[in-house]
Structure formats: C-alpha cells, structure tokens
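Since the structure comes first, as structure tokens, the remarks are kept for the end.
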C-alpha cells in the first residue's frame, strides 16, 4: 500500500547576514499516509474539510515544522494513493461510520477529501 497527502506550500527565506534572491519559493510537499487503523490514520479527518485545509494556521505550522521553514501559504492538492490503500481506507471508514458522522463511506470521503483522491497504480 502506498499513499500520501499532497500539499502546495509557499515559504520565504529570511537569512541572517545574507540575502537570498529569490527569497520566496513554492513547492509540493507529500506527507506519507499512515496505514488505515494505525495511529495517525485519521489525518484526513482531523486536517481537511471538503478537499481543503481545515485550519490553515495549524497546517502551516505542521508543514513548517516538517520543512524547517516558516510556511506562508498551504493548500491541499490531493490524496495520492494506490488502489490497495484506498480499499483499506474505505474498509476502515465503513467499520466505524459514526466516527465520521456519515451515512456511507462515499459521504465520509467526500466530506473530508472532496474530489481530491487520485488513484495511481
């Protein structure tokens, strides 16, 4: 199984005793998705809403910590996944729909990830 949460991130360098040109950068950051059922697998539920970052300041802090820079802007792009991971994710959601306040798996996935699921083989 292989999956990652993909974000677009913008950050600025402000070096001490030096000048950077350009000083603003945009990049794509992938955070590996935890296997469904394992600690941390609810990242999508806790961080996303309808395919968008739920709390931008929290997402900027998380990604800034991972990158070692102060992040100015962050945007969720997609859950990039293989079929095996998506199947396991759907099974884990189906096993506890109440946790997602949804009537079915499709509703739960759409509620948090919107249409931002990209299956790659």
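Numbering (the numbering used here), first residue to last: 404 to 524. Virtual Cβ for every residue (Gly too), placed ideally from N, Cα, C. All values derive from a computational prediction rather than experimental measurement.
Does DSSP put residue 480 in a helix, a strand or coil?
strand
Going by Cα to Cα distance, which pick from 440, 486, 427, 480 is closest to residue 502?
440
Cutting at 7 Å between CB atoms, please list the residues of its own chain near residue 511, excluding the five before and the five after it.
So the list reads 496, 500, 503, 505, once near-sequence residues are dropped.
Residue range of the unbroken alpha helix (DSSP H) whose run includes residue 510
508–516
Rounded separation between residue 438 and residue 417 - CA only:
37 Å
Looking only at its chain, what residues have a beta carbon closer than 7 Å to the beta carbon of residue 457, apart from the 5 residues adjacent to it on each side?
450, 451
Nearest neighbour of residue 447, chosen from 479, 424, 421 [CA to CA]:
479
Using 8 Å as the threshold, is the C-beta distance between residue 443 and residue 516 below it?
no
The alpha helix (DSSP H) that contains residue 447, what's its start and end?
That run of the alpha helix (DSSP H) goes 446–450.
DSSP-derived helix/strand/coil call for residue 433
strand
Which residues does DSSP pair with residue 526 in a beta bridge?
In the structure as shown, the chain begins at 404 and stops at 524. Residue 526 is therefore absent and cannot be evaluated.
Keeping to the same chain, check which residues put their C-beta closer than 8 Å to that of residue 523; ignore five residues upstream and five downstream.
483, 484, 485
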